[in-house]
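Peer 1: Quick note: the sequence shown uses the numbering used here, first residue 1, plus one each step.
The structure is given below, and queries will be raised subsequently.
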Amino acid sequence: MSADSGAVDRTIKDLREQIREHNYRYYVLDDPVVSDAEYDRLMRHLERLESEHPELVTPDSPTRRVGAAPAEGFETVIHDVPMLSLANAFEPDEVADFDRRLRDRLDIEQVEYSAEPKLDGVAIALRYEGGSLALAATRGDGRSGENVTANVRTIEAVPLRLRGQKLPERMEVRGEVFMTRSGFHALNQRLSEAGEKPFVNPRNAASGSLRQLDPAVTARRPLRFFCYGAATLEGLPARHSEILAALREFGLPVSPDARCVSGLEGMLGYYRDMSQRRDQLDHDIDGVVYKVDDLDQQRELGWVSRAPRWALAHKFPAQEEITRLLEIDVQVGRTGALTPVARLEPVFVGGVTVTNATLHNADEIKRKDIRPGDWVVVRRAGDVIPEIVRAVPERRESELPRWHMPTTCPACGSRVSQVEGEAVVRCTGGLVCPAQRRRALEHFAGRQAMDIDGLGERLVAQLVEQDLVHSPADLYRLDKSTLMSLDRMGEKSAENLLKAIDESREVSLARLLFALGIREIGQVGAGNLARHFGTLERLAEADVEALEAVRDIGPVMARHVYDFFRESHNREVIEQLLAAGVRYQAEAGSDPAAARPLNDRSYVLTGSLESMTRAQARQALESLGARVTSTVSARTTAVIAGESPGSKLKRARELGVRILGETDLQELLDQGQ
1 MSADSGAVDR
11 TIKDLREQIR
21 EHNYRYYVLD
31 DPVVSDAEYD
41 RLMRHLERLE
51 SEHPELVTPD
61 SPTRRVGAAP
71 AEGFETVIHD
81 VPMLSLANAF
91 EPDEVADFDR
101 RLRDRLDIEQ
111 VEYSAEPKLD
121 GVAIALRYEG
131 GSLALAATRG
141 DGRSGENVTA
151 NVRTIEAVPL
161 RLRGQKLPER
171 MEVRGEVFMT
181 RSGFHALNQR
191 LSEAGEKPFV
201 NPRNAASGSL
211 RQLDPAVTAR
221 RPLRFFCYGA
231 ATLEGLPARH
241 SEILAALREF
251 GLPVSPDARC
261 VSGLEGMLGY
271 YRDMSQRRDQ
281 LDHDIDGVVY
291 KVDDLDQQRE
301 LGWVSRAPRW
311 ALAHKFPAQE
321 EITRLLEIDV
331 QVGRTGALTP
341 VARLEPVFVG
351 GVTVTNATLH
361 NADEIKRKDI
371 RPGDWVVVRR
381 AGDVIPEIVR
391 AVPERRESEL
401 PRWHMPTTCP
411 ACGSRVSQVE
421 GEAVVRCTGG
431 LVCPAQRRRA
441 LEHFAGRQAM
451 DIDGLGERLV
461 AQLVEQDLVH
471 SPADLYRLDK
481 STLMSLDRMG
491 EKSAENLLKA
501 IDESREVSLA
511 RLLFALGIRE
521 IGQVGAGNLA
531 RHFGTLERLA
541 EADVEALEAV
551 RDIGPVMARH
561 VYDFFRESHN
571 REVIEQLLAA
581 GVRYQAEAGS
591 DPAAARPLND
601 RSYVLTGSLE
611 SMTRAQARQA
621 LESLGARVTS
631 TVSARTTAVI
641 AGESPGSKLK
651 RARELGVRIL
661 GETDLQELLD
671 QGQ
């Protein structure tokens, strides 16, 4: 390298560092020290030097934010750690219950929480490797999302290169892409002036901008980013609040309103403060989030199937408006549930124009005395489906007839039935019902089920409407000429679909169970059942008690699974699939708890242990097949009591449950090894 080129290289590196530092001060510290004009001058200088010396350009240069060509679609990527949703609370009593449950589980008097605003945007994961941004992905279904790296690189608040010298080799962080209100209004003004359709609200604008196939379009949208946690980070600090501080030091923007609070009083005080300041912010928030600050306590509390036990989203009150109920339609769902839906005069509420609202079931309509033609109060909060809160009977202009649930299915004419004790009315038509058949086939072919690429809603509708497919097994009997007779289905498309159908014949048992559409059984439940029983035959023969013994399968889910396999037409569907060549991978013995020495035993921990933490004790017991719960019941095998045990010890004595000490615990673990 010549002396001149060496000087240019040093100048370029210096400009990059200056620009990164200014980005950090602007987006992270909210404390810029240069004018926009000076910042632009530095950027133009860097762009000029890099254009003159392309050999010195690096992928993490501030000038490389827009560079990818338009994509044909988004590839699917797997998250390092699943992006789980959060449990919601709307009332102070629900927050109090959350705090009480955590104190009981942790056996402590007060929990320290990290509190932060709940941004109304789009959740994403950012993966940094060697300090440089390597991947950005949407939340998706929580386990896998869409690769939107090229688009996220255009967001100036997202550092392409982390700050600092000692950077982690690999780090995945979580955060929210959003649009400020001022940016949203400016964008909509530009769209309107260009004759394009404006966005309904900032969240939709952020989501639509993030999913553009052309990164150049995303770059023109005023997107911002706040980081709210790390999924993987070498040498994690001891507290969530310390993680946020570390992320800020790395150059990642964090909400300036995040802070630590103590106990229930601190949480509710923070909620009141943010609700009062909500309208003063330049970005939408729909609540606040509480997280247990101590990471060891987070690990001890653990997770349920869809959400961490140690976090809660406390939502702000929903927005309400009054409009007229025009009529009540009935939709038939995939499981045959008949759901009344309100058709409304359009009304703007909660940031969107609402024309439909859920009425839940006939009992709710009767309880609220809602009648077609009524003026009604409509509520919407965040992404929650709009609902009718109540009628306004004083505005009735005449006596309106009451509404009644139809006695036959509006989709197929079959009779409807209602299980005693349930509010839901269901069609008895099963797969003969077009509404159920279409939705059942869409579910069967879905990405998380049989993953038949190309078999979407439009194509399923044609297959059902033209009477070509009556059950899932019929999909495996389709041929090219039949498919080519369908609308917008050419030879190549038909061949690709047949290939996808054929490839779906080899599937995991978990996916097959999920594809069957058993009520209440999602991906997690299907996976647990598959690992526990291993084969369809063993699962089909299981009684309710055996099903309830499966991890995270409660009494209601167990009953639905049991009933599903008792129905002859469901067994017939499975037999038809197997006859059509569908083969699943047996998973016998793959359940981590199967055949373990402490299988089917349940323990409760209370008090502090000397030889290990309670989290370590829990992990050790679970590795031997035991279940560790927080509540003492008559079914508890034993309570393990350390120093200063809590109320659980008293409860164990009342129920006559066996009590073990730390020495007993160690013997138990030694015997299980």
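Note that the Cβ used here is the ideal one computed from N, Cα and C, for glycine as well.
(1) Can you tell me which residues form a DSSP beta bridge with R571?
(2) How would you label P54, buried or exposed, when you count the other beta carbons within 10 angstroms and need 16 or more for buried?
(3) With a cut-off of 8 Å on the beta carbons, I'd call V392 and D374 a contact; round off their distance for me.
(4) Got a sec? Which residues, its chain only, sit under 6 Å from R379 by beta carbon, not counting five neighbours each side?
(5) By Cβ distance below 8 Å, which residues in the same chain neighbour R343 in space, the five residues on each side in sequence not counted?
(6) In chain order, what residues of the same chain have a beta carbon less than 6 Å from the beta carbon of D453, not counting five sequence neighbours either side?
(7) Starting from the Cα of V111, find the closest Cα among F90, G266, R25, Q189 and give me that residue.
(8) If you follow the alpha helix (DSSP H) that L167 is part of, which residue opens it and which one closes it?
(9) Within 10 angstroms of the Cβ of V544, are there 16 or more other Cβ atoms? Answer buried if so, exposed if not.
(10) Rounded to whole angstroms, what's the CA-CA distance from D443 to R220? Just pull it up for me.
(11) Do the CB positions of T138 and I124 come within less than 8 Å of each other?
(12) Within the same chain, show all residues whose beta-carbon is closer than 6 Å to that of R614, passing over the 5 residues directly before and after it, in chain order.
(13) Between L247 and V173, which are expected to be in contact by the criterion C-beta below 8 Å, what is the C-beta distance as a whole number of angstroms?
(14) To which residues of the same chain is L236 closer than 8 Å at the C-beta, ignoring the five residues directly before and after it?
(15) Determine the DSSP secondary structure at F564, reduced to helix, strand or coil.
(16) At the level of alpha carbons, what is the spacing between I521 and T629?
(17) Please classify G589 as buried or exposed, where buried requires at least 16 other C-beta atoms within 10 Å of its C-beta.
(18) Using DSSP with H/G/I as helix, E/B as strand and the rest coil, what is A586?
(19) If you check the beta carbons only, do Y584 and V507 fall under 8 Å apart?
(20) Please classify Q671 as buried or exposed, where buried requires at least 16 other C-beta atoms within 10 Å of its C-beta.
(21) Can you tell me the Cα-Cα spacing of E654 and A641, whole angstroms?
(22) Rounded to whole angstroms, what's the CA-CA distance from K492 to P159? Just pull it up for me.
(23) What number of angstroms, rounded off, separates the C-alpha of V289 from the C-alpha of P117?
(24) Can you tell me whether N599 is helix, strand or coil according to DSSP?
(25) If you scan the region 471-535 from start to end, which runs of the alpha helix (DSSP H) of 4 or more residues do you find wholly inside it?
(26) I believe Y685 touches A136 by the beta-carbon criterion, under 8 Å. Please report the beta-carbon distance rounded to the nearest angstrom.
(27) Mind checking A620: buried by the 16 CB within 10 Å criterion, or exposed?
(28) For a test of the three-state rule: what should DSSP assign to R343, helix, strand or coil?
(29) Considering D282, what are the terminal residues of the alpha helix (DSSP H) in which it resides?
(30) Please classify D99 as buried or exposed, where buried requires at least 16 neighbouring CB atoms within 10 angstroms.
(31) Does DSSP classify V152 as helix, strand or coil?
(32) Report yes if the CB atom of V469 is closer than 8 Å to the CB atom of A337, and no otherwise.
(33) I want to know whether the region 510-517 touches the region 437-451 - three or more CB-CB distances under 8 Å.
(34) How many angstroms separate the CA atom of A194 from the CA atom of A186?
(35) At the level of alpha carbons, what is the spacing between L578 and E422?
(36) Expressed to the nearest angstrom, what Euclidean distance is found between the alpha-carbon atoms of V95 and D104?
Peer 2: Checking against the coordinates, here is how it stands:
(1) For this step, residue 571 is matched to residue 571 along the sequence shown. Answer is none; R571 lacks a bridge partner.
(2) As a working note, residue 54 is residue 54 in the sequence shown. Exposed: under 16 other Cβ atoms inside 10 Å.
(3) Working through the sequence shown from its first residue, we reach residue 392 at position 392. Working through the sequence shown from its first residue, we reach residue 374 at position 374. Rounded, the Cβ-Cβ distance is 7 Å, consistent with contact.
(4) Taking the sequence shown and counting its residues from 1, the one referred to as residue 379 is at position 379. Within the same chain, R379 has close Cβ partners A318, E320, E387, V389.
(5) Position 343 of the sequence shown, counted from the start, is the residue given in the question as residue 343. L325, L326, E327, I328, D329, T355, N356, listed in sequence order.
(6) What you label residue 453 is simply residue 453 of the sequence shown in a count that begins at 1. Cβ neighbours of D453 beyond the five flanking positions: A500.
(7) Translated into the one-based positions of the sequence shown, residue 111 becomes position 111. Comparing Cα-Cα distances from V111 to each of F90, G266, R25, Q189, the minimum goes to G266.
(8) Position 167 of the sequence shown, counting from 1, holds the residue named residue 167. Counting along the chain, L167 falls outside any alpha helix (DSSP H), and DSSP gives it neither H nor E.
(9) The sequence position of residue 544 within the sequence shown is 544, counting from 1. Counting Cβ neighbours within 10 Å, V544 comes out exposed, since fewer than 16 surround it.
(10) Residue 443 sits at position 443 when you count from the first residue of the sequence shown. Residue 220 sits at position 220 when you count from the first residue of the sequence shown. The sequence given here places His at residue 443; Asp does not occur at that position. Their Cα atoms are separated by approximately 37 Å.
(11) By one-based count along the sequence shown, residue 138 stands at place 138. By one-based count along the sequence shown, residue 124 stands at place 124. Result yes, Cβ atoms of T138 and I124 sit closer than 8 Å.
(12) By 1-based counting over the sequence shown, the position of residue 614 is 614. So the qualifying residues of the chain are E300, L605.
(13) Within the sequence shown, the letter at position 247 stands for residue 247. Within the sequence shown, the letter at position 173 stands for residue 173. About 6 Å separates the two Cβ atoms, so the contact holds.
(14) Taking the first residue of the sequence shown as position 1, residue 236 is located at position 236. Here the set comprises A230, I243, L295.
(15) Position 564 of the sequence shown holds residue 564. Looking at F564 - three-state DSSP - the assignment turns out to be helix.
(16) For this step, residue 521 is matched to residue 521 along the sequence shown. For this step, residue 629 is matched to residue 629 along the sequence shown. In a straight line, the C-alpha of I521 is about 22 Å away from that of T629.
(17) Residue numbering aside, residue 589 sits at position 589 when the sequence shown is read from its first letter. With a pLDDT of only 49 at G589, under the threshold of 50, the placement of this residue in the model should not be trusted, and no figure is reported.
(18) By 1-based counting over the sequence shown, the position of residue 586 is 586. A586: coil per DSSP, three-state reduction.
(19) Numbered from 1 along the sequence shown, position 584 holds the residue referred to as residue 584. Numbered from 1 along the sequence shown, position 507 holds the residue referred to as residue 507. The answer is yes: Cβ separation under 8 Å.
(20) In the sequence shown, the residue the question calls residue 671 occupies position 671. Exposed: under 16 other Cβ atoms inside 10 Å.
(21) Within the sequence shown, numbered from 1, the residue matching residue 654 stands at position 654. Within the sequence shown, numbered from 1, the residue matching residue 641 stands at position 641. Approximately 15 Å, taken between the alpha carbons.
(22) Residue numbering aside, residue 492 sits at position 492 when the sequence shown is read from its first letter. Residue numbering aside, residue 159 sits at position 159 when the sequence shown is read from its first letter. Going by the C-alpha atoms only, they are around 43 Å apart.
(23) In the sequence shown, the residue the question calls residue 289 occupies position 289. In the sequence shown, the residue the question calls residue 117 occupies position 117. C-alpha separation (whole angstroms): 6 Å.
(24) Locating residue 599 in the sequence shown gives position 599, counting from the first residue. Coil, per DSSP.
(25) 480-484, 491-503, 509-515, 523-533
(26) It is not possible to answer for residue 685, since the shown part of the chain is limited to 1 through 673.
(27) For the purposes of this step, residue 620 is identified with residue 620 of the sequence shown, where counting begins at 1. By the 10 Å Cβ count, A620 comes out buried.
(28) Indexing the sequence shown from 1 puts residue 343 at position 343. Here R343 sits in strand by DSSP.
(29) Start at 1 with the first residue of the sequence shown, and residue 282 comes out as number 282. D282 -> no alpha helix (DSSP H), and no H or E assigned at all.
(30) Locating residue 99 in the sequence shown gives position 99, counting from the first residue. Counting Cβ neighbours within 10 Å, D99 comes out buried, since at least 16 surround it.
(31) By one-based count along the sequence shown, residue 152 stands at place 152. Reduced to three states, the DSSP call for V152 is helix.
(32) Here the question's residue 469 lines up with position 469 in the sequence shown. Here the question's residue 337 lines up with position 337 in the sequence shown. It is not a contact, given that the beta carbons lie outside the stated cut-off.
(33) yes
(34) Along the sequence shown, one-based indexing puts residue 194 at 194. Along the sequence shown, one-based indexing puts residue 186 at 186. Cα-Cα distance, rounded: 13 Å.
(35) Translated into the one-based positions of the sequence shown, residue 578 becomes position 578. Translated into the one-based positions of the sequence shown, residue 422 becomes position 422. Using only the alpha carbons, I get a separation of about 34 Å.
(36) For the purposes of this step, residue 95 is taken as residue 95 along the sequence shown, with counting starting at 1. For the purposes of this step, residue 104 is taken as residue 104 along the sequence shown, with counting starting at 1. Cα to Cα, V95 sits roughly 14 Å from D104.
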